[in-house]
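In UniProt numbering, the protein residues as written are 1 to 374.
C-beta atoms are modelled at their ideal positions from N, C-alpha and C, and glycine is treated no differently.
Predicted, not measured: the structure shown is a model, and the values here were computed from it.
See below:
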């Protein structure tokens with residue numbers, strides 16, 4: 001209450017010009033406050049929109065990474081299902097090269113995702129997933145390396161003309177040309193070739209071992225042959241030795257390929273839960289951003305309405321103060337002047353104060369008193 005009295009006393013002591021000046025300053029201040037409130041509200045909405053855009057981009061990157069990785073897996077699977085049928089080079093061009101390009105894109109998307117999370121105001125839960133993203137990135141690179149290693153093994157085994165399978169077949173054909181005239185060696189060679197074919201179809205090591213057993217029996221039969229010359233025997237035995245060496249290399253490469261396949265499957269199993277967590281968290285981040293922008297929009301609207309109502313109330317208050325301080329005093333002094341002009345020397349004005357209106361009222365009252373005394 002004492003503060004209101006002090007303000008009232010201060011206001012009464014001011015002249016007309018300071019009163020109007022203060023009123024206009026207050027009005028300009030209200031306009032400035034309204035502008036600042038509007039700017040802050042728009043800024044809040046803009047920030048909320050940026051958050052939702054960043055969150056949507058993060059979710060898009062995660063889903064693109066997962067889709068591209070799944071596409072690379074399919075091409076990896078299709079390569080090993082079809083490269084024997086359509087040929088290594090055609091399968092490489094159709095499946096391997098696009099798969100490696102896709103994995104490079106997954107790596108680039110992972111880098112972009114990590115950079116985007118680092119520079120945007122995401123939630124702490126999503127920021128903690130940086131560890132998973134780093135693991136995802138490193139696993140993707142390892143995935144690409146393993147894929148290339150498996151393809152390299154397949155190339156050693158199946159490249160036309162120089163692959164180990166073609167080399168094995170070349171030795172078999174050469175032996176067949178030499179031994180076809182003898183029933184015992186022909187039967188043993190056919191048996192060896194049958195077991196080798198079964199191994200290629202099933203990759204069961206027991207079939208290759210049976211082929212080795214047949215090759216051992218064939219070696220003894222060649223040594224005991226009465227129709228082959230010493231040079232033919234030596235050439236046939238060399239071909240069988242080369243056959244055995246090549247078959248050993250095939251077994252070794254197949255073991256290596258199985259290890260790479262197991263590594264490949266393990267990496268896939270490790271990446272699936274990471275990708276699932278990333279998709280769940282980024283979807284939750286987008287939902288939270290949508291909820292936040294809705295809340296921000298409502299808060300901004302309420303703030304603008306409240307500031308507008310507050311400004312209107314202040315304007316009405318200023319108008320009321322000016323009405324009491326200026327307008328009514330002018331009306332009262334005008335009435336006093338009319339009374340004096342009409343000859344009513346008993347008229348007095350109740351206007352008071354230290355401003356120009358108060359001085360003018362005192363003057364009118366003094367003039368009326370002196371004229372009444374004359």
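Spatial distance of residue i from residue j (CA atoms)
i           : j           : result
residue 362 : residue 317 : 28 Å
residue 102 : residue 56  : 22 Å
residue 114 : residue 43  : 26 Å
residue 371 : residue 34  : 54 Å
residue 377 : residue 59  : What is shown of the chain runs 1 to 374, which leaves residue 377 out entirely.
residue 165 : residue 63  : 41 Å
residue 91  : residue 61  : 29 Å
residue 1   : residue 285 : With a pLDDT of 49 at residue 1, under the threshold of 50, the predicted position of this residue should be treated as unreliable, though the coordinate-derived value follows. So the two alpha carbons sit approximately 52 Å from each other.
residue 334 : residue 31  : 34 Å
residue 52  : residue 272 : 26 Å
residue 232 : residue 192 : 19 Å
residue 99  : residue 106 : 10 Å
residue 215 : residue 229 : 20 Å
residue 373 : residue 315 : 46 Å
residue 204 : residue 249 : 15 Å
residue 29  : residue 287 : 39 Å
residue 300 : residue 108 : 39 Å
Limits of the alpha helix (DSSP H) - the one that residue i falls within
i           : result
residue 210 : 205–224
residue 106 : 97–119
residue 328 : 328–341
residue 193 : 183–202
residue 93  : Segment: none, residue 93 is in no alpha helix (DSSP H) and carries neither H nor E.
Rounded distance between the beta-carbons of residue j and residue i, thought under 8 Å
i           : j           : result
residue 188 : residue 217 : 5 Å
residue 138 : residue 65  : No, residue 138 and residue 65 are not in contact; Cβ-Cβ is about 14 Å, not under 8 Å.
residue 150 : residue 257 : 6 Å
residue 175 : residue 236 : 6 Å
residue 376 : residue 247 : Residue numbering for the chain in the displayed model covers 1 to 374; residue 376 lies beyond these limits and cannot be assessed.
residue 158 : residue 260 : About 15 Å; that fails the 8 Å criterion.
residue 222 : residue 197 : Actually they are not in contact, since the Cβ atoms of residue 222 and residue 197 sit about 21 Å apart, beyond 8 Å.
residue 75  : residue 95  : 4 Å
residue 38  : residue 304 : 6 Å
Cutoff 8 Å: residue i Cβ touching any chain E Cβ
i           : result
residue 222 : Any reference to chain E falls outside this structure, which holds one protein chain only.
Item to check | Entirely enclosed alpha helix (DSSP H) segments - the segment 121–178, minimum 4 residues | outcome: 124–127 and 130–158
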